[in-house]
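The sequence shown begins at 2 in the working numbering and counts up one residue at a time. Ideal Cβ placement from N, Cα and C applies to all residues, glycine included. Owing to the predicted nature of the structure, the values given are computational and were not obtained by experimental measurement. Worksheet for the structure shown next.
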Amino acid sequence: MNDNLNPEYKNLIDSLKISLKKMQKEIDHREREENKGHLFKTYQPALFKIIDEFIVEHEIVASHFANGEDKTHGEYFRLKINPIALKAPFCKRCFDKPLGYPGDYLMMEMLYSNTRCGDSVFAQIFDAHTLQLPFANAVRERCARIEKELKETICRNPESSILSVASGPAWEIRNLQKNTKLDHSKFFLLDQDKSALEFARKKLNGLETNISCLEKNVVDFVKEKQTSKFDLVYSMGLFDYLPQKLARRLV
């Protein structure tokens, strides 16, 4: 594999691995005797700096790859960095896709809650960094905007009928429930994952009679003749994964 690698890229990855391993060893050693919260605050800026600088350099180097080169270089990156990066629970779930599809409801729950996890301080710092990347902030902002749309819809009509397509953990409805009266609204949660629907229903404590769960995938959904009427239909993130033709049919 190494013979086919861009030397600059290989050096970049190798240098990152050395820096991360050095910091991991140092933090792990101090963690045995020192306060974990203090260590997190002490090492967070330094580890964030290492990763942020790497991301910038990586984008520059990788932008010059010819077609097909990204696959070989990606394999080298995963070989060297994954054993370190996947100690962070959020990174690991994103990569492993334990439910067989990207963006599963528990991954989204981790992203929305924005709570660092990990068995070590090093893993927690790595987790925290991933959870504050622009993509993660954008997803949380999207959720906040949808929550605002939901609130406005229900304020106009307290008996609103609302459909969430690929509903996942229904974080936006759960947030809305904290400060908005939803007793007369009806929520229809559509998701291909039965466990996601069960999770959302359990979390929406007190709204059980207002929730209808529809277990089906988008392909089946677009094939059906839709006769139901809703005051609001929304989806968050689903279109990231749909081919353009299917996306148009769904709309």
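Skipping 5 residues on each side, what residues in its chain have a beta carbon closer than 8 Å to that of residue i?
i, result
"residue 209", "202"
What would DSSP say about residue i, mapped onto helix, strand or coil?
i, result
"residue 214", "strand"
"residue 208", "coil"
"residue 71", "helix"
"residue 194", "coil"
"residue 117", "coil"
"residue 53", "helix"
"residue 171", "coil"
"residue 101", "coil"
Quick check on this structure: which residue in the options has the alpha carbon closest to the alpha carbon of residue i?
i, options, result
"residue 107", "12, 198, 41", "198"
"residue 100", "171, 195, 227, 50", "195"
"residue 121", "232, 147, 35, 224", "35"
"residue 44", "127, 84, 19", "127"
"residue 84", "52, 157, 18, 192", "18"
"residue 169", "61, 183, 193", "193"
"residue 219", "227, 27, 212", "227"
"residue 145", "166, 156, 174, 167", "174"
"residue 104", "52, 251, 179, 241", "241"
"residue 60", "40, 75, 46, 47", "75"
"residue 22", "187, 64, 88, 158", "88"
"residue 186", "10, 179, 9, 159", "159"
"residue 81", "142, 57, 14", "14"
"residue 141", "155, 154, 171", "171"
"residue 183", "206, 200, 250, 191", "206"
"residue 233", "251, 222, 155", "155"
If I measure Cβ to Cβ from residue i and keep anything under 6 Å in the same chain, skipping five residues before and after, which residues do I get?
i, result
"residue 25", "123"
"residue 254", "Outside the shown range of the chain (2 to 252) lies residue 254, about which nothing can therefore be said."
"residue 157", "none"
"residue 161", "154, 155, 186, 232"
Give a yes or no on whether the C-beta atoms belonging to residue i and residue j are separated by under 8 Å.
i, j, result
"residue 151", "residue 163", "yes"
"residue 239", "residue 137", "no"
For residue i, which beta-bridge partners are listed by DSSP?
i, result
"residue 187", "162"
"residue 234", "164"
Give every residue of the same chain whose Cβ lies closer than 7 Å to the Cβ of residue i, excluding the five residues on either side of it in the sequence, and list them in chain order.
i, result
"residue 29", "121, 123"
"residue 117", "125, 128, 129, 132"
"residue 95", "108"
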